[in-house]
Structures are given as structure tokens and as C-alpha cells.
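Quick note: the sequence shown uses my numbering, first residue 180, plus one each step. Glycine included, every Cβ here is placed at the ideal spot set by N, Cα and C. Working notes, structure below.
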Amino acid sequence: MNVADSEVVAAILSKAGFKVTPDIAEAGLILINTCSIRENAEQRIWSRLRSIKHLKKQRKDLKIGLIGCMAERLKEKVLETDQLVDLVVGPDAYRELPGLVTEAESGHKAVNVLLSREETYADISPVRMDKNGITSFVSIMRGCNNMCAYCVVPYVRGAERSRDPESILSEISILFDSGYREVTLLGQNVDSYNREIDGRETGFPELLEKAAQISPLMRIRFSTSHPKDLSDELLKTISRYNNICKHIHLPAQSGSTRILKLMNREYTREWYMDRIAAIRSIIPDCAVSTDMITGFCTETEDEHKASLSLMEWAGFDFAYMFKYSERPGTRAARKLKDNITDDIKTARLNEMISLQNRLSLKSKKSDIGRIFEVLVEGPSKRSDDHLSGRTSQNKVVVFPGKEKKIGDYVMVKIERCTSATLIGNVI
Ligand code: 5AD
Ligand code: SF4
């Protein structure tokens, strides 16, 4: 999401005469797009600021801005804590950046952290900063209306709003015409995408279908789904189109119904299992990945084991796993005690990671001997005469091949695998 936002920021500033440089030493303006989701994300920003401190000594007119969620969360306080920062700009105020930069240049600290109910940057064509020219992100909505107890997102990115469908579809068409072959539709909760124009509503299944109809050669992915809102109608749409990728990222967060209730996730373990069963029956070859949090307030050993057993049962192909990190101002911070020690959180996380490593390997091993359609994304990192791409299920495949295939679809037979990669040959 921050990559997509940075591309919007680049577009706004380009229009005002700025240019992106790959060389930080050359920059007259440095904007750090920040994340507040966990405390260590914020720690990394403070250390990044320290690491660029010397640049300000070398170049007196250099301006440094902190933008995004951390700017929103800390507001003016950033300026008190860090003398380096000249601008603080929240995620809904990027249109004001050119004026704010001018203000900073005149020697004032510039701040705009107003959240909006409408801003979706719909009319802005992002300046693509991805490297391969084949895959890209397209933001379809902003903000979030779910109040998960642990989560800072609704506070720093504001209320949910959906972008108008015409602007989304035209952005995808333009990407296709310029050679892109895969887009990932982005939102905090894509299943609740809904935009009414002239009394006609467009929901997510319809948007997805229209996106898929732009070209059978354009792959469509999306992230993130919420288990409480994942509908059979959506699953049926996915199953009807070869170019809608067979991969659903469905964060479970916990396998314990009591913890899910404390987290305010609005579903039970059984409901989550029912959604996985629906995926398996409607889209039999669908990969499923998840997010898990360990050591949420009052989580017992048995409840941790319930998370592990859910993961084992679901057989996730991939998972992002995190230790619970208390975020100031959230419902959990206000109402619950962060009473699981860091040692226990770490032990539970490690146990979870080793389980997932086993599940990921099992998922890849089951692909050996099968043939997959792979979109070629670029040269492989390890070797010049190998290419790398992904299957519809989002698994990385490496195989011998030459550059001119980049952007093509090839059929690859999987011969072997490592824990992270499938290895095969074009047939
Ligand atoms: N602590 C740990 N993990 C968190 N996430 C969100 N908030 C927190 C938090 N306070 C995780 C969730 C979410 C993912 C993007 O980040 O698993 O799905
Ligand atoms: Fe955070 Fe929950 Fe919204 Fe996801 S759905 S962004 S976890 S509040």
C-alpha cells in the first residue's frame, strides 16, 4: 500500500516540476513514507532518519519530510522529537505537498495531517516506480471501518472509502496498453468495496469481473480479504476467470474464538474454517495465505495451540506472522492488558514460524511434476540465464530462459523446489 501511495506522491510532485532520483545524495527533498502497524516499523523509520542525518550537513537546502501513517499518528510531535524533519504530511493530504514543500523551503515547519472522507486520489495516474514494468499495484479504496482491537489503521488512514470504478478500470487498461500483465487491487478490506454512482452500486465481485474482462492476458490479484466478508459470489467470480489469480490472502489472526472476539474480528474459528472450506470447494486449485498474531492480550497456551491447529488444518501456502505489538490509542491499548511477556511471544512466534515452514514446503512439494502457467517477470536473482515468474497461486518459479520472454506466459513443468521457490523447465 505504501508503494502505491509513494507512486501517487511522485505523480503529484512530478506535476509540480519535481523529478524522482535514484541517488539519495542528489535529492533536494527526501520524503519517507512510513508505517505504524507495529512498533518496530516505527523504530526503523527513526533509524532511517538517523542514517540520513549527514546529508543535511552536506546540503543546507535539503528538506526532509515524514509522510504516511506515522506522520498521521504522531502529528506535530514528530517535529519535537526530531529536528531533522521539515514536513509532516498524513496519507490524505498528499495533494497539498507542493505547497507544503514551498512552505518548508521558506524556513517554516509544514504540517498537514487532516484526514478526509472522500479522498481516493482517483484522478491521479501514479508514476510507476516498480522495476519490472510487468506487475503493478492499483489502489481501489482507502481507510478502514473495521475496528480490530489491535489495529492502528482506522486511526491513521481514516474511514473506508471506495474509489470510483471507472477510474480503476481505466488505470488498468492504461497499464495493459503500456505492457503490464498483472495488477494487484489494493484495499484494507477489498470485500467491502462498494461505490454508488447515480444510484447504481458496484461491489467487489463486479469490479473484479470488469477488471478481468479488460484482457485475458492481464492477471488480476487482490489484497486483502476479510474472513467476515468473503462471499461465495466472489469465489464464483474468481473461479470463472482464468486471469483472476487463484490465490486468496485471508488473515485469520488467531485460531481461538475467544481471542478473535477480544480482537473484535467479528468471526469465530468455525466461520473461518467454513470460508476455507468454501474456497476449497468453489476454487479447488486456490492457494491461501494468512496473517497471524501471537501473544495477543491474555492469550493462553491452549489458545496459541488453537492457532497452530487452525494453520495445520488450513494448510496455508504462506503466512505472515507477527508478535502482538501494542499500538497507542487502539481499543486493545485502552481496554486490555498487554500481559504476555516478550519471551513468551517470541517462543510462540518461533513455534508458529517453524510450523509454517513445514506447511510452505509441503505446499511446494505437492507442485512437483505439475505444469503451471507462469507470467515471466524478469531475470532470476541468482543466475543470468534463468528467468523468474509466478504461478497464478503466487508461487515463485525459476527456470532456464532468455530475457525476451519477459512479460510472456510460459508453461513450466516443476522439477524440484526449495522452501521459497519452485524450479522447473519450460515445456
Ligand atoms: N501487532 C501485531 N501485528 C499487527 N497487525 C496489525 N496490527 C498489529 C499489531 N498491533 C498485523 C495483522 C494484519 C497485518 C497487516 O499486520 O496480522 O493483518
Ligand atoms: Fe486493521 Fe482490521 Fe482494518 Fe485490517 S480490517 S486494517 S486489521 S482494522
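{"Item": "Nearest by alpha-carbon distance to residue 311: which of 556, 591, 579 and 590 is it?", "Value": "556"}
{"Item": "Between residue 410 and residue 418, what straight-line distance do the alpha-carbon atoms span, to the nearest angstrom?", "Value": "13 Å"}
{"Item": "May I have all residues whose beta carbon comes closer than 6 Å to any heavy atom of the ligand SAH, sorted in chain order?", "Value": "Only the ligand 5AD and the ligand SF4 can be found as ligands here, which leaves the ligand SAH out of the picture."}
{"Item": "From residue 505 to residue 232, what distance separates their C-alpha atoms?", "Value": "29 Å"}
{"Item": "Could you give the residue range of the alpha helix (DSSP H) that holds residue 355?", "Value": "344 to 356"}
{"Item": "So, does the region 535 to 547 touch the region 501 to 515, judging by three or more C-beta pairs under 8 Å?", "Value": "no"}
{"Item": "Go through the region 516 to 560 residue by residue and report every complete run of the alpha helix (DSSP H) that reaches 4 residues or more, in order.", "Value": "521 to 544"}
{"Item": "Since residue 194 is in the alpha helix (DSSP H), which residue starts that stretch and which ends it?", "Value": "181 to 194"}
{"Item": "Using the beta-carbon count (16 or more within 10 Å), is residue 256 buried or exposed?", "Value": "exposed"}
{"Item": "Can we count residue 369 as close to the ligand SF4, meaning its CB is less than 8 Å from some heavy atom?", "Value": "no"}
{"Item": "Would you say residue 343 lies against chain D (beta-carbon separation less than 9 Å)?", "Value": "Looking for chain D here will not work: only one protein chain is present."}
{"Item": "Ignore the nearest five residues each way along the sequence and tell me which others in residue 528's own chain have a CB closer than 8 Å to its CB.", "Value": "473, 474, 500, 501 and 502"}
{"Item": "Note down the Cα distance separating residue 263 from residue 228, rounded to an integer number of angstroms.", "Value": "8 Å"}
{"Item": "CB-CB under 8 Å to residue 259, same chain, minus the five flanking residues each way: which ones, in chain order?", "Value": "none"}
{"Item": "Does the distance between the C-beta of residue 333 and the nearest non-hydrogen atom of the ligand SF4 fall short of 8 Å?", "Value": "yes"}
{"Item": "Report, in whole angstroms, the separation of the C-beta atoms of residue 277 and residue 191, which I expect to be a contact under 8 Å.", "Value": "7 Å"}
{"Item": "So which of 317, 323 and 531 has the shortest CA-CA distance to residue 297?", "Value": "323"}
{"Item": "If you pair each beta-carbon of the region 384 to 391 with each one of the region 573 to 586, do three or more pairs fall below 8 Å?", "Value": "no"}
{"Item": "Which residues bound the alpha helix (DSSP H) around residue 415?", "Value": "411 to 419"}
{"Item": "Which ranges does the beta strand (DSSP E) cover as unbroken runs of at least 3 residues, wholly within the region 203 to 238, from first to last along the chain?", "Value": "208 to 213"}
{"Item": "Taking buried to mean at least 16 other C-beta atoms within 10 Å of its own C-beta, is residue 590 buried or exposed?", "Value": "exposed"}
{"Item": "Out of 220, 484, 237 and 571, state which residue places its alpha-carbon closest to the alpha-carbon of residue 248.", "Value": "220"}
{"Item": "Need the endpoints of the alpha helix (DSSP H) that residue 475 sits in, please.", "Value": "No alpha helix (DSSP H) contains residue 475, which DSSP labels as neither H nor E."}
{"Item": "I'd like to know whether the C-beta atoms of residue 364 and residue 387 end up nearer to each other than 9 Å.", "Value": "yes"}
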